[in-house]
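Here is the structure we will look at.
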Amino acid sequence: MKSFNVYCDSGWTVIQRRQDGSVSFDRAWDEYREGFGNLRGEFFIGLDKLHKMTNSQPYELFIVLKDFLNETRYASYSNFVIGSETESFILKSLGTFNGNVTNSFDVAVNEKFSTPDRDNDSSRQRHCAQEFHSGWWFHDCYICNLNGRYTHENVEFAGIEWREWHFYPLKFVQMMIRPASLSNSIV
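Numbering (this note's numbering), first residue to last: 424 to 610.
Here it is, written out as structure tokens:
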């Protein structure tokens with residue numbers, strides 16, 4: 424794999440960050456494949472990189488969620504695996520869940536990644552990525568969408584959401600991975 428720059432946080436590699444709405448996540452397939460944004464601000468590392476990393480050895484996923492009242496929650500998964508582009512970057516595995524929030528992401532396992540220009544979601548009647556202005560592993564459009572529009576509006580289904588915690592948009596999200604062999608390290 425060709426080398427690339429990453430942002431690290433306490434031994435984790437940050438793969439996605441949302442914090443202020445400075446970067447639109449309403450992007451095409453090619454942009455999600457390659458990655459976009461600024462490592463010091465909002466960004467998505469890229470599906471191709473995620474596939475190569477998560478298929479080289481077992482990886483854990485750690486997600487930090489913060490609402491506009493500054494309440495923070497987390498979700499962690501023991502075995503995060505993304506398929507290849509020929510498999511539409513399917514979310515192959517999350518592994519075991521742990522966290523102080525209800526698990527909203529597990530329904531996305533076995534879902535292909537969808538973008539506004541590539542409808543791979545499991546919904547027959549809707550094009551979830553177009554409807555929610557983002558790329559994501561949509562399961563019948565909603566439960567969890569951490570790449571949704573950044574908004575301060577207190578409106579259901581309007582932005583970055585983790586439905587099992589809040590029915591309104593989140594202020595901050597950070598997704599991070601690390602090799603599972605480091606799981607005894609301090610988070």
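Glycine included, C-beta positions come from ideal geometry on N, C-alpha and C.
Query, Result
"I believe Val-524 touches Arg-496 by the beta-carbon criterion, under 8 Å. Please report the beta-carbon distance rounded to the nearest angstrom.", "4 Å"
"Among the residues of its own chain, which have a CB less than 7 Å from the CB of Val-530, if the five just before and after it don't count?", "His-562 and Ile-566"
"So, helix, strand or coil for Ser-618, using DSSP?", "This structure leaves residue 618 out entirely; the chain is present only between 424 and 610."
"Hey, would you say Arg-456 sits closer than 8 Å to Gly-464, going by beta carbons?", "no"
"In the DSSP assignment, the beta strand (DSSP E) including Leu-514 goes from what residue to what residue?", "514-516"
"With a threshold of 8 Å on Cβ separation, who are the neighbours of Glu-554 within its own chain once the five nearest residues in sequence on each side are excluded?", "Cys-564"
"Measure the CB-CB distance between Met-598 and Leu-517 and report whether it falls below 8 Å.", "no"
"Looking at C-alpha atoms only, which residue of Phe-595, Asn-543, Asp-443 and Asn-428 is the closest neighbour of Leu-462?", "Asn-428"
"Please report the straight-line C-alpha distance between Asn-478 and Thr-436, rounded to a whole angstrom.", "15 Å"
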